[in-house]
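What follows is a single structure, written as structure tokens, with notes after it.
Numbering (full-length UniProt numbering), first residue to last: 1 to 287.
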């Protein structure tokens, strides 16, 4: 099964010291490009997170954000008096430089980082919990990419069905178009009352038919359609191969258009190019 590169996942876990939450967003990109946003206390997890992404994904721009909301409820709290005295002394020194200093607000002192000390959480336990939660979020992201990939595969198969129908119709019309083109040349010669060597005329008509023959292009289109279906069925990291096949399909549609000798073949070439472009846009999102 193929996978999309577009998905979103969120996982949250509450513990004794607070709540951990991961958000992972991925969009299409030529290569795997991870962007991590981690709190300072969790910076040492970056290597493990990148390794997990490389093992789980092959392409996409992936943004991973970890948040930790610390919970102070139920924890013993005490004031670090040495830090508070240092802070107050520094504030008094600054106040001495002012003409009308405002009084020091005790709540401002308590709000300063490190003044209030609580029970410290075990950094290793928190890190392990964050990695375990990341694995859960990554699994959710991969499941979302798979669901999106299934939808993309259905859309592409619908366009492949339309291409198959279009080429089958054109293949059935080719003999009629060649006969009409032959008759048009004969009628033009008759109108001009030009006497031509029958053998030479027949040679020219054969050359015209050969230049207008699109059987080879139709065969190659059918081959490429079959290969696209095979790649979709095989799954895996198929995006680059599918993109190449879209280029080949477009090449045959262009050649078909250049050989058009009838409004029906011209319209068929246009319809094919529209269908191929619709598939190409969807392929850009496939991993």
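Backbone N, C-alpha and C define an ideal beta-carbon position, used for all residues, glycine too.
Assigned secondary structure, residue i (DSSP; H/G/I helix, E/B strand, else coil)
{"i": "residue 10", "result": "strand"}
{"i": "residue 74", "result": "Reliability of the predicted coordinates at residue 74 is poor, the pLDDT of 48 falling under 50, and no value is obtained from them."}
{"i": "residue 61", "result": "strand"}
{"i": "residue 276", "result": "helix"}
{"i": "residue 39", "result": "coil"}
{"i": "residue 257", "result": "helix"}
{"i": "residue 262", "result": "coil"}
{"i": "residue 56", "result": "helix"}
{"i": "residue 224", "result": "helix"}
{"i": "residue 239", "result": "helix"}
{"i": "residue 44", "result": "helix"}
{"i": "residue 172", "result": "helix"}
{"i": "residue 214", "result": "coil"}
Contact test: residue i Cβ vs the ligand ADP heavy atom, cutoff 7 Å
{"i": "residue 285", "result": "Of the ligands one can find in the structure shown there are none, so the ligand ADP has no counterpart to examine."}
Residues bridged to residue i (per DSSP)
{"i": "residue 286", "result": "4"}
{"i": "residue 34", "result": "62"}
{"i": "residue 18", "result": "70"}
{"i": "residue 24", "result": "9, 64"}
Whole-Å CB distance - residue i paired with residue j, under 8 Å assumed
{"i": "residue 3", "j": "residue 149", "result": "4 Å"}
{"i": "residue 60", "j": "residue 32", "result": "6 Å"}
{"i": "residue 275", "j": "residue 159", "result": "5 Å"}
{"i": "residue 46", "j": "residue 36", "result": "6 Å"}
{"i": "residue 290", "j": "residue 127", "result": "Because residue 290 is not part of the residues shown, which for the chain are 1 to 287, the question remains open."}
{"i": "residue 141", "j": "residue 48", "result": "Not really, about 16 Å apart at Cβ, beyond 8 Å."}
{"i": "residue 287", "j": "residue 171", "result": "Contact flag wrong, Cβ pair sits at about 35 Å."}
{"i": "residue 252", "j": "residue 220", "result": "5 Å"}
{"i": "residue 235", "j": "residue 1", "result": "4 Å"}
{"i": "residue 18", "j": "residue 96", "result": "With 8 Å as the limit, residue 18 and residue 96 do not qualify as a contact, their Cβ atoms being about 40 Å apart."}
{"i": "residue 133", "j": "residue 109", "result": "In fact, because the Cβ distance is near 35 Å, the residues do not count as touching under 8 Å."}
{"i": "residue 114", "j": "residue 83", "result": "5 Å"}
{"i": "residue 123", "j": "residue 41", "result": "7 Å"}
Those runs of the beta strand (DSSP E) which lie wholly inside the region 88-161 and span at least 3 residues
The region 88-161 contains these whole beta strand (DSSP E) runs: 116-118.
So, does the region 77-84 touch the region 23-38, judging by three or more C-beta pairs under 8 Å?
The region 77-84 makes no contact with the region 23-38: fewer than 3 CB pairs, one atom from each, lie closer than 8 Å.
Can you find at least 3 beta carbon pairs, one from the region 154-169 and one from the region 276-283, that sit closer than 8 Å?
Enough Cβ pairs lie closer than 8 Å, so yes.
Three Cβ pairs or more, each shorter than 8 Å: is that satisfied between the region 167-174 and the region 214-229?
Yes, since at least three Cβ pairs between the region 167-174 and the region 214-229 fall closer than 8 Å, the two stretches touch.
Three CB pairs or more closer than 8 Å across the region 52-69 and the region 133-148:
The count of Cβ pairs closer than 8 Å, one atom from the region 52-69 and one from the region 133-148, reaches three, so the stretches are in contact.
Kindly confirm or deny that the region 16-23 and the region 250-260 touch, where touching means at least three C-beta pairs closer than 8 Å.
No, the region 16-23 is not in contact with the region 250-260.
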